[in-house]
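Working notes for the structure below.
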Amino acid sequence: MPKINVSFQVIPKVSDEDTYRVVDLAIDVVKKSGVKFEVGPMETTMEGELDQLLEIVKQAQQACVDAGAERVMTIIKIDYHPKGVTIEEKIEKYRR
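The sequence shown stops at residue 838 when you use this note's numbering, and every number in between is there.
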C-alpha cells in the first residue's frame, strides 16, 4: 500500500480555556505513533498507510473524550495517489 497524506482537525466540545489543552492531547497521539507529521495552525497532516493513519485519528478523538470532551467533531482530508504522495513533495519549495 502506498504512503499517502491524511490531514485532520479535531474540534472538542470543551470550555474555551480547555480547547488547546485537549487538542494538544490529540497531537500527542500522533507524536507517539511514530508517523511523519506536520502540525499546522488549523490541522495536523500525517504521512503513512491509510489504515494506520485512520486508526491514529480514532485514537486522537478518543484522547479528546478521555480528557473530558463531551463531543468531538473531526474533519478529515485524504490525499491518495496509487504511487504514493509525501508531505515533502508538497511543501519543500516553501522551505527554501
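Even glycine gets a Cβ: it sits at the ideal position worked out from N, Cα and C. Fair warning: this is a prediction, and the values are worked out from it, not measured in the lab.
Per DSSP, the bridge partner or partners of residue i
i: G790; result: I746
i: Q751; result: I817
i: G780; result: Reading off the sequence shown, one finds Glu at residue 780, where the question assumed Gly. In DSSP, E780 forms a bridge with T787.
Anticipated Cβ contact below 8 Å, residue i with residue j, distance rounded
i: E797; j: F750; result: In fact, because the Cβ distance is near 12 Å, the residues do not count as touching under 8 Å.
i: T828; j: K745; result: 6 Å
i: V814; j: V748; result: The pair is not a contact, with the Cβ atoms about 16 Å apart (cut-off 8 Å).
i: Q794; j: V771; result: That pair is no contact at about 12 Å.
Beta-carbon proximity list for residue i, same chain, < 6 Å, skipping 5 on both sides
i: M743; result: E791
i: K778; result: E789
Other residues of its chain near residue i: CB distance less than 7 Å, five sequence neighbours each side excluded
i: V756; result: V764, G810, A811
Residues near residue i in its chain [Cβ-Cβ closer than 8 Å; skip 5 each side]
i: I817; result: F750, Q751, I753, E785
If you pair each beta-carbon of the segment 828 to 837 with each one of the segment 760 to 769, do three or more pairs fall below 8 Å? The answer is no - the segment 760 to 769 does not touch the segment 828 to 837, with fewer than three Cβ pairs under 8 Å.
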